[in-house]
Amino acid sequence: MDKVEDIERRVRPAAGVTVIIVTYNSAPHIASCLASVPQDLSVVVLDNASGDNTLDALSRTGRQITLIRSDENLGFAAGVNRAARAVQSPFLLLLNPDARLGPDTVERLARAMADVPDLAIAGAISRDEGGAFRRTSGFRAATCRALLFAALGLRALFPSSPFFDPQSVARDLASAGPGPFAVDVVPGACMMIRRGAWERLGGFDTRFFMYSEDADLCARARAAGLGVALIPGAEFTHEEGASARSRAEMFCQLFAGEIAWQKTHGGPGAARCAPSLLKLHVLVRRLVAAVAPHRAATDWAAVWARRADWSRGYQAAAPSAASGGKIT
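Residues in the sequence shown are numbered from 0 upward in steps of one, following numbering that gives the first Met the number 0.
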């Protein structure tokens, strides 16, 4: 006979989900994040040596969690990998601490996984605090044309344009049916993945300290013939970049991740073009700030000053990047 828990998972797929959250100085957000997670789901939190009162904030929630405390900041990719080792559930739900799940989101994602056996990675629609659709909900892989138009500001001038924003899926998604909507990339801010697929792919590539680790995982999944899709009706609210110490740091990491991805998956031409196009991206914004002073001018100046570092992309990860941590 089937075990009771096996029957429950078939009737309610979300019963087989464990939520993984990686925190780093996440005190302002972690309580609302956890409050959005259904009470009957297991939660594993890995804290990346936060310097604020994240651990106190976690304790005050009263939520029963498995807490793994790292002695160093492993980054997002290695942090998730470490946390995943403590999980035995058939589905993992990666969730940013600055994200809040919508009603029935976990159930919708898990149901899609149960209904479509070839679907390995599923994502929810991301919305900002005002409820507006975020283009980072899910998207097509970046090309040199996409990077050029973003650098020149044309993507911002013509949002969701198939020509000037070839990564956007907003128009196609708006007219899509209720079933899974195939995309190249599901963001790691809210990503459900089958444990079997996670193990088959080897988890995140820890070379990606933060940003583009999700794009890399999705690219490897698609190359292996596995499905990657957004699930209409599943939604979450996301305050992007909340874990970064500064906007300048966020952009440096973002560009390093993009260049590493292009070197890995974009082909020789993209690997050569990406560093120059992203430098152009920063230079254009520095010039605009010089003509029309803006509070972001200092950030872009700092990013430009560090271009020699981020334009190389992320380098090989340290051997200890996915090890260690105290479980409580």
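Here a beta-carbon is modelled for each residue, glycine too, at the ideal position from N, C-alpha and C. Just so you know, these numbers come straight off a predicted model, no measurement behind them.
{"Query": "Of the choices L40, G15, A48 and V16, whose alpha-carbon is the least far from that of S25?", "Result": "A48"}
{"Query": "Looking only at its own chain, which residues have a Cβ that is under 7 Å from the Cβ of Y313, when we skip the five neighbours before and after it?", "Result": "R206, F207, F208, A255, G256 and A259"}
{"Query": "Between L276 and L147, is the Cβ-Cβ spacing less than 8 Å?", "Result": "yes"}
{"Query": "Need the endpoints of the alpha helix (DSSP H) that I29 sits in, please.", "Result": "I29 to A34"}
{"Query": "Report the start-end ranges of each alpha helix (DSSP H) in the stretch 244 to 271 that is 4 residues or longer and not cut off at the edges.", "Result": "246 to 264"}
{"Query": "Below 8 Å on the Cβ atoms is my contact criterion, and I expect V185 with L253 to pass it. Report the Cβ-Cβ distance as a whole number of Å.", "Result": "Rounded, the Cβ-Cβ distance is 17 Å, inconsistent with contact."}
{"Query": "Any idea which residues DSSP pairs D114 with across the strands?", "Result": "According to DSSP, D114 bridges with nothing at all."}
{"Query": "Pull up the DSSP beta-bridge partners for S136, would you.", "Result": "None, per the DSSP bridge assignment."}
{"Query": "Just to confirm, are A188 and Q166 a CB contact at a threshold of 8 Å?", "Result": "no"}
{"Query": "Let's see if you can read the secondary structure: which residues bound the beta strand (DSSP E) around R193?", "Result": "C189 to R193"}
{"Query": "Using CA atoms only, rank isn't needed, just tell me which of G232, H280, E212 and V302 is closest to A76.", "Result": "E212"}
{"Query": "Tell me whether P37 sits in a helix, a strand or coil according to DSSP, three-state version.", "Result": "coil"}
{"Query": "Identify whether R311 lies in helix, strand or coil by the three-state DSSP scheme.", "Result": "coil"}
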